[in-house]
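A.B. asks: In my numbering, the protein residues as written are 1 to 198. All C-beta atoms, glycine included, are put in the ideal place defined by N, C-alpha and C.
1. DSSP on residue 57, reduced to helix/strand/coil?
2. Across which residues does DSSP place residue 6 in a beta bridge pair?
3. With DSSP as the reference, please indicate the residues paired to residue 138 in a beta bridge.
4. Who are the near neighbours of residue 34 in its chain, counting only those whose CB is closer than 7 Å to its CB and skipping five residues on each side?
5. Looking at C-alpha atoms only, which residue of 182, 78 and 103 is the closest neighbour of residue 137?
6. List the endpoints of the continuous alpha helix (DSSP H) containing residue 77.
7. My understanding is that residue 32 touches residue 44, with C-beta atoms under 8 Å, so please give their C-beta distance in whole angstroms.
8. So, helix, strand or coil for residue 1, using DSSP?
9. Quick one: what's got a C-beta closer than 7 Å to residue 62's C-beta in the same chain, skipping five residues either side?
10. Please work out which residues of its chain come closer than 6 Å, Cβ to Cβ, to residue 2, disregarding the five sequence neighbours upstream and downstream, and give them in chain order.
11. Is it a yes or a no for the region 106-126 touching the region 145-163, going by three-plus beta-carbon pairs under 8 Å?
12. Considering just the uninterrupted stretch of the alpha helix (DSSP H) at residue 103, what are its terminal residues?
13. Do you know whose CA, among 160, 171, 146 and 158, lies nearest residue 188's CA?
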């Protein structure tokens, strides 16, 4: 399967942006870069060999173009899904943001679990559009771990709950992808949820 798990982060608070990047890399997403303004976001995408699948975008960013407008441009140019992050939840801002049909609107401060779930939802929307349909080959332990990932738990949290090492969880995750010839864990969770619905 062709892999496009590319994400661009558009966030002008560098501590927040770096924290998001670290979390996404830990979850095996391909982070294209961090943009602090609209121009940099468009430049990163234009210089890339592949477009972003998802844009995580703060509503208020540096420069004259706000995050909602840059999200609209990225969606128009690349067809990527949008996850908005913001400290602003007033009705006018929310209404303006929802005109771009984001997958999720996450209000700051947010936690890692909220971000993981938002990104999973964005990729699930992409996979539904692509109408992916594969049979999965998973052991009961692998299904248990995949379900915990789907709930937004980190590798460390899963290891602690199952009383196994972080490395064992990582090995299970890697094996699930390899034996099912799937490029990302989000895709595996999507396919697993489709199987449960049938």
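C.D. replies: Straight from the coordinates:
1. strand
2. 30
3. Answer is none; residue 138 lacks a bridge partner.
4. 9, 11, 17 and 21
5. 182
6. 67-78
7. 6 Å
8. Confidence at residue 1 is low in this model, with a pLDDT of 40, below 50, so its placement is unreliable and the value that follows should be read with caution. Coil at residue 1, not helix or strand.
9. 12, 36 and 37
10. Residue placement at residue 2 cannot be trusted, given a pLDDT of 45 that sits under 50; what the coordinates show is reported in the next sentence. There are no such residues.
11. yes
12. Run containing residue 103: none; DSSP gives neither H nor E here.
13. 146
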